[in-house]
Amino acid sequence: MNKSHFNRRDFIKAAGVIGGLSFSCAVFSMANKPPMGRVVIIGGGYAGTTAAKYIRLWSLGAVEVIVIEKSSQFVSCPMSNLVLGGTRTIHDLTFSYDLVKKNHGVKWVEDEVISINTEVKKVMMKRGEISYDRLIVAPGVDFNYEVLPELKTTEAQQKIPHAWKAGWQTVNLRKQLEAMPDGGVFVMTIPKAPYRCPPGPYERACQVASYFKTNKPSSKVIVLDANAEVISKKGLFLKAWAELYPSIVDYRPDSPIKSVDVASKTISTDFEKIKAHVLNVIPPQTAGKPAKMANLLEPDYPWCEVDFLTYESKTVPYVHIVGDSVASGLPKSAHIATSQARVCASAIVELMKGQSPDPAPVFANTCYSYVDDKQAMHVANVFRYDAPKKIMVPAEGGGVSAKPSQEEGVYAKAWAQNIWADVLT
Amino acid sequence: MFKIHFKLILISSVYWAAYAQASEDISISAVNLHTRVLAASCAACHGTLGRAVTGSSLERNAVLAGRDPEDFTKKMFGFKDGSRRGTVMHHHAKGLTEAEIKQLALFFSQQKSAEIDPLNPQTLNTHHE
Ligand SMILES: Cc1cc2nc3c(=O)[nH]c(=O)nc-3n(C[C@H](O)[C@H](O)[C@H](O)COP(=O)(O)OP(=O)(O)OC[C@H]3O[C@@H](n4cnc5c(N)ncnc54)[C@H](O)[C@@H]3O)c2cc1C
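For the record, the sequence lines run as chains E and B.
With the numbering used here, letter number 236 in the first sequence gets 236, and the count goes up by one each step, no holes.
With the numbering used here, letter number 112 in the second sequence gets 1112, and the count goes up by one each step, no holes.
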């Protein structure tokens, strides 16, 4: 095979053109076929960006990788609860995609995917279209407003932000907390699992309580949880609330919400109506929109079934799904998203070489939660492929911290710095 | 593994050459598939290829690149059998096999250490969601 038609200079030129905002989609349809094929990745979040980097690394650059991401910047959900607590700003969690593009020759298109044709292997965006040999769908979660139609509009979300995708909604929620008078009531609601980041809502309750404790000590945090109990780090969170915020945090399990009156910020459950000064509804979640466009969801379950050796869809060939959109017993965390992405990347490189992927992948997950401005605690597990069951299962020996500590607060910060550097450089 | 590596060089020499210049970490492709994915899942705390970012107070423990494989194995076996106290690592070591720990020890010992600065954040655009 002679590949000399695509030399280093062309490669850099193409990457340069695509790195810019004003690319022409013709670049993709007319460019010569890369040596081992082309992978298109929808979503440049934790999962998608990691898959892009590692496919380039492990294929020694022989697989062309094109990421389609609608946002111009990477904003981290992990650590974003600290913005509500007041120890970080959103700008501490916002990063450029430039280094990962440049270091690994990842081609990048800033655009929104609007439809996908898996028959002809093509992705349509607002400003162009791209064909693929293999597609990775990594769009994170979508919010299900069918059950809460009153919160669907931008105006409603201005008043009642979800702040469950880090960005201006996070800033909005923080501003509302700052503006709230002492003695006010903050109400937050948690949807039924599975949702993105199992311990995230409980960490959020701690962060808002921590802010109130020093600044607005007569205020309350009411947590309405649709689940029957705290679903992650249960003992540790209950203890943290009892010890650190006894007069502030009021946790109410088994409290699914029925409706929201947006104008008065009043929330109704089966049992009660609560009027909030500041209201944060974390909506029920499903796989991201692009997963729906490619018909990857289960008929009666809003997530995508995959083969855990390759993350290829169980229903649509040549389409892989990684990150929060995957149906699995794994927690929907950033660390898991990156681990899934690497199993998928490794498998795709092998498949494109005509070889078999690892028949028994193993990876780790560590997830920290801050209980105040300094102390954190972890849940950590190794997950192994179970061949008879064909799923990833927790290995023996995983577990949680004995108690939150400042030492783990430092670990948690190091986790964030390292995962950001791994994903984005 | 060497064979695959060699074949790949032949079929895509130009690509390989271009990318090799940008990345000095080519050796990682020759590692077995199981270990390359497992080792990479340590990156969330220990950095890509065990090159933890500098400046954190944990740096000394966090850097795995270039670590003596015997030291690595001794510590991980200690976390695994409970003879060594861990904050987090016992929850990982117990879930790994002895063979995996040895593979990881070898993998990280072969990586060159490097200064990795924490990533610089930037101001969030007004047009972001
Ligand atoms: C408050 C909070 C705290 C958290 N804390 C932690 C933590 O401490 N540790 C941890 O491990 N995890 C944490 N998580 C979970 C973590 O954020 C997610 O698990 C992770 O982001 C999942 O990665 P992903 O790639 O699947 O999705 P995302 O990171 O959301 O990436 C999806 C990307 O796809 C893009 N996209 C979507 N649709 C389109 C389209 N149509 N066209 C183009 N692009 C599109 C989006 O713009 C986005 O960039 C937290 C989450 C929240 C909300």
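Note that CB positions come from ideal geometry on N, CA and C, so glycine has one too.
1) Would you say L309/E and Y385/E are within 8 Å of each other, going by their C-beta atoms?
2) Pull up the distance between the alpha-carbon of R88/E and that of A347/E, whole angstroms please.
3) Identify the residues that DSSP records as bridge partners of A47/E: which are they?
4) In this structure, how does DSSP classify L177/E when only helix, strand and coil are distinguished?
5) Examine ligand 1 and report whether any of its heavy atoms sits within less than 7 Å of the Cβ of K332/E.
6) I want to verify the contact list: residues of chain E whose CB lies under 7 Å from the CB of T1073/B, in sequence order.
7) Just how far apart, CA to CA, sit G167/E and H91/E?
8) Tell me the start and end of each unbroken alpha helix (DSSP H) in the stretch 87-153 of chain E that is at least 4 residues and wholly inside, in chain order.
9) Counting only C-beta atoms, is P149/E closer than 8 Å to chain B at any point?
10) Excluding sequence positions up to five away, which residues of its chain have a Cβ less than 8 Å from the Cβ of D133/E?
11) Terminal residues of the continuous beta strand (DSSP E) containing D386/E?
12) So, using beta-carbon positions, are S328/E and I419/E closer together than 8 Å?
13) According to DSSP, which residues form a beta bridge with A364/E?
14) Would R1036/B count as contacting chain E if we go by Cβ distances under 8 Å?
15) So V1063/B packs on G1050/B, CB below 8 Å; how close in whole Å?
16) For Q417/E, write down the residues that DSSP places opposite it in a beta bridge.
17) Per DSSP, which one or two residues make a beta bridge with R38/E?
18) Taking 7 Å as the cut-off, does the CB of K165/E come closer than this to any heavy atom belonging to ligand 1?
19) Considering K220/E, what are the terminal residues of the beta strand (DSSP E) in which it resides?
20) Kindly indicate if chain E contains any beta-carbon less than 8 Å away from that of A1105/B.
21) Relative to the alpha-carbon of A1099/B, which residue among T1073/B, T1126/B and I1116/B has its alpha-carbon at the smallest distance?
22) How is the beta strand (DSSP E) around S268/E delimited, first residue to last?
23) To the nearest angstrom, how far is the alpha carbon of V141/E from that of V208/E?
24) Considering just the uninterrupted stretch of the beta strand (DSSP E) at W303/E, what are its terminal residues?
25) Using a Cβ-Cβ cut-off of 8 Å, state whether E155/E counts as contacting chain B.
26) Since L297/E sits in a beta bridge, which residues does DSSP pair it with?
27) Can you pull out the residues from the stretch 317-350 of chain E whose beta carbon lies closer than 9 Å to at least one beta carbon of chain B?
28) My output table needs one value for Y411/E: the three-state DSSP class, helix, strand or coil.
29) According to DSSP, is H1091/B part of a helix, a strand, or is it coil?
30) Using three-state DSSP, classify R1067/B as helix, strand or coil.
31) For V316/E, which of helix, strand or coil comes out of DSSP?
32) Quick one: which residues of the stretch 62-93 of chain E get their C-beta closer than 7 Å to a C-beta of chain B? List them in chain order.
33) With C-beta atoms as the reference, is V439/E less than 8 Å away from K213/E?
34) Kindly indicate if chain B contains any beta-carbon less than 8 Å away from that of L279/E.
35) Need the endpoints of the alpha helix (DSSP H) that V1037/B sits in, please.
36) Does the CB of V362/E have a neighbour CB from chain B at under 8 Å?
Reading it off the structure:
1) yes
2) 38 Å
3) Beta-bridge pairing links A47/E to no other residue.
4) helix
5) yes
6) Ordered by position in chain E, no residue passes the 7 Å Cβ test against T1073/B, which lies about 17 Å from the chain.
7) 9 Å
8) 98-104
9) no
10) G37, R38, V39, K121, Y318 and M352
11) A376 to D386
12) no
13) V382/E
14) yes
15) 7 Å
16) DSSP, once it has assigned bridges, lists no residue as partnering Q417/E.
17) E64/E
18) yes
19) K220 to D225
20) no
21) T1073/B
22) T266 to T269
23) 24 Å
24) Y301 to C304
25) no
26) C304/E
27) A334, H335, T338, S339, R342, V343, A345, S346, A347, V349 and E350
28) helix
29) helix
30) coil
31) coil
32) A62, S71, S72, Q73, V75, I90, H91, D92 and L93
33) Only positions 1 to 425 of chain E appear in this structure, which leaves residue 439/E out of reach.
34) no
35) L1033 to A1040
36) yes
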